[in-house]
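One structure is given below, encoded as structure tokens.
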Amino acid sequence: MNLSSRDSVLVSPQQLQDAATNVEVARASLDAALHGIEQARASVEEADDRLAKTVFHAPMDGKVTRLQIEEGETVIIGTMNNPGSLILTISDLGVVEIVVQVDETDVPELSIGDSARIKIDAFPETIFTGQVAEIGVRKAVGATQREILWQFLVEAALLTVAGAAVGMAAGGGAAVTISSLTPLPAHVPLWAVVTALSMATVSGMLFGLLPALRTAHLEPMAALRHE
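At position 112 of the sequence shown (counting the first as 1) the number is 242 in my numbering, and the numbers step up by one without a gap.
Okay, here's the thing in structure tokens:
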């Protein structure tokens, strides 16, 4: 067996060859790591360039009321079947509708158009002013089935009677015009007026009976959802 001597250490040619091979492998790994660093640096530069060119245009003016994605987090681009990441929400705070739960004992004191002062946790130092635009539905605030039924029937009767009155007024005006401009006698008898108004009232109540029954039997929560 041939042996090599160096610094009083004897190694075989096979060991020397293995060591040389390990050095070459380590040198190749170092070169690959350096190339990987350069590739990563190029990816960062590309991402910075894309970020500098990324601009979001909102279709409306407003304030950011919700921020879903923070700096450094991943954003998914939307596709046909995937809406993508919600980055932020912009809201127009010029007109805001607020739903407020009011104690049932305070409901009788409210009226449409009443002014209101509103405090929002997000704006602790600002007091907003508004107006009462709607006060629930009667079913949701404790109205009985009979009250709801009669309300619908009366409203339906009044609407049909109003329509009949408009029609009768138009017919009476046409009769007066015809009788004054032509020799033809034209007038509206009293019995016709009474009959038309009566039929309108009856038909309005009949056609409003089914919706009235349905509404009167709604549960309070279902009435709120329908509203």
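Even glycine gets a Cβ: it sits at the ideal position worked out from N, Cα and C.
Legend entry - Between the CA atoms of E200 and I257 - distance to the nearest angstrom: Their backbone Cα atoms lie some 30 angstroms apart in a straight line.
Inset, instruction - Pair every Cβ in the stretch 283-299 with every Cβ in the stretch 326-338, then say whether three or more of these pairs are closer than 8 angstroms. - result: yes
Legend entry - Close-in-space but distant-in-sequence residues of the same chain around A149 (CB under 7 angstroms, 5 per side omitted): none
Legend entry - Extent of the continuous beta strand (DSSP E) run through P143: First-last for P143: P143 to A182, but that is the alpha helix (DSSP H), not the beta strand (DSSP E).
Legend entry - According to DSSP, residues forming a beta bridge with L197: Its beta-bridge partners are L218.
Inset, instruction - Tell me where the beta strand (DSSP E) around A246 begins and ends. - result: S245 to I250
Legend entry - Option in F282, E203, A177 and T259 with minimal Cα separation from E227: T259
Inset, instruction - Under 8 angstroms by Cβ, that's how I've got K193 and I220 pegged, so tell me the actual separation to the nearest angstrom. - result: 7 angstroms
Legend entry - Check whether D179 and D222 have beta carbons under 8 angstroms apart: no
Legend entry - Collapsed DSSP secondary structure at I242 in the structure displayed: coil
Inset, instruction - Check whether the Cβ atoms of V229 and D244 lie closer than 8 angstroms to each other. - result: no
Legend entry - Proximity to A188 [Cα-Cα], best of M335, G214, W280 and L218: L218
Inset, instruction - List the whole-angstrom C-beta distance separating H317 from A305, where the pair is believed to meet the contact cut-off of C-beta under 8 angstroms. - result: 6 angstroms
Inset, instruction - Thinking L181 and Q198 are a contact (beta carbons under 8 angstroms), I'd like their distance in whole angstroms, please. - result: Not really, about 18 angstroms apart at Cβ, beyond 8 angstroms.
Inset, instruction - Count the other C-beta atoms from every protein chain shown that fall within 10 angstroms of the C-beta of F337, then say buried if there are 16 or more, exposed otherwise. - result: exposed
Legend entry - CB contact flag (M335, L283, <8 angstroms): yes
Legend entry - Coarse secondary structure for I207, derived from DSSP in three states: coil
Inset, instruction - Note the first and the last residue of the continuous beta strand (DSSP E) segment covering Q261. - result: F253 to Q261
Legend entry - Pair within 8 angstroms by beta-carbon distance, L343 and L240: no
Legend entry - Burial state of A286 (16 or more Cβ within 10 Å): buried
Inset, instruction - Could you check the C-alpha separation between P319 and G302 for me, to the nearest Å? - result: 10 angstroms
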